[in-house]
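J.: Got a structure here, written out as structure tokens. Questions coming.
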Amino acid sequence: GRINYHFGFSGPSFSVDTACSSSFAAIHTACNALWLHDCDTAVAGGMNLLTNPDIFAGLSKGQFLSKTGPCQTFDNEADGYCRGDAVATIVLKRLGDAEADCDNVLGIIRSISTNHSADAISITHPHAGTQEKLYRRVLAQAGVKSQDISYVEMHGNRH
């Protein structure tokens with residue numbers, strides 16, 4: 001609401017809280033709003049501010065945090081993850097609109113989707129079959145073959 005009011009935006013405005021996937025969920029929601037023509041420009045972002053030491057204590061007690069320092073994602077030696085402060089925001093438009101407005105296009109989101117691994121071993125343990133279905137769906141929607149992908153950003157935890 002306040003950002004919309006300050007800038008005079010009139011499209012949808014809300015916050016998203018899906019734990020460590022909140023920024024992604026915000027971008028997913030913004031893309032869908034653009035594709036459905038609920039808005040012509042979307043501002044999506046996220047932040048993580050570590051202001052409460054009790055959260056660290058709880059995560060440490062639950063053995064979520066790395067005892068050795070680095071996350072070591074995809075490594076058998078992984079023993080937890082690391083926390084940090086961050087804020088990021090992205091401005092999104094439909095490609096045709098961005099080109100018509102002579103915007104500096106830094107990237108194109110051809111497809112975006114999300115799911116949940118409800119039948120995983122634990123809340124921090126990904127379910128390979130569920131993730132594979134998601135990857136296949138996104139690739140098909142984007143019209144991209146897996147061998148054409150040269151870079152992937154991944155979320156990592158101890159499993």
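Residue 1 is where the sequence shown starts when you use the UniProt record's numbering, and the numbers rise one by one after that. We put the beta carbon where it would ideally sit given N, CA and C, even for glycine. From a predicted model like this one, the values you see are computed outputs, not experimental measurements.
Let's see if you can read the secondary structure: which residues bound the beta strand (DSSP E) around residue 90?
T.: Taking the first residue of the sequence shown as 1, we reach residue 90 at position 90. Element bounds for residue 90: 86-93.
J.: Would you be able to state if there are at least three C-beta pairs under 8 angstroms between the stretch 101-112 and the stretch 52-64?
T.: At 8 angstroms Cβ cutoff, the stretches do not touch.
J.: Measuring only the C-alpha atoms, how far is residue 97 from residue 9?
T.: In the sequence shown, residue 97 corresponds to position 97, counting from 1. In the sequence shown, residue 9 corresponds to position 9, counting from 1. Those two C-alpha atoms are separated by around 17 angstroms.
J.: How about residue 92 and residue 42: do their beta carbons lie closer than 8 angstroms?
T.: The sequence position of residue 92 within the sequence shown is 92, counting from 1. The sequence position of residue 42 within the sequence shown is 42, counting from 1. The answer is yes: Cβ separation under 8 angstroms.
J.: Does DSSP put residue 58 in a helix, a strand or coil?
T.: Here residue 58 corresponds to residue number 58 of the sequence shown, with the count starting at 1. Residue 58 falls in the helix class under three-state DSSP.
J.: For residue 96, which of helix, strand or coil comes out of DSSP?
T.: One-based indexing of the sequence shown puts residue 96 at position 96. Residue 96: helix per DSSP, three-state reduction.
J.: For residue 5, is the classification buried or exposed, using 16 other Cβ atoms within 10 angstroms of its Cβ as the cut-off for buried?
T.: What you label residue 5 is simply residue 5 of the sequence shown in a count that begins at 1. Looking at its Cβ environment, which holds fewer than 16 other Cβ atoms inside 10 Å, residue 5 is exposed.
J.: When we look at the beta-carbon of residue 143 and count the other beta-carbons within 10 Å, is it buried (16 or more) or exposed?
T.: Locating residue 143 in the sequence shown gives position 143, where the first residue counts as 1. Exposed.
J.: Within 8 angstroms, do at least three Cβ pairs link the stretch 52-59 to the stretch 12-27?
T.: Contact fails: fewer than three Cβ-Cβ distances are below 8 angstroms.
J.: Which residue's Cα is closest to the Cα of residue 28: 85, 121 and 90?
T.: For the purposes of this step, residue 28 is taken as the residue at position 28 of the sequence shown. The residue with the shortest Cα to Cα distance from residue 28 is 90.
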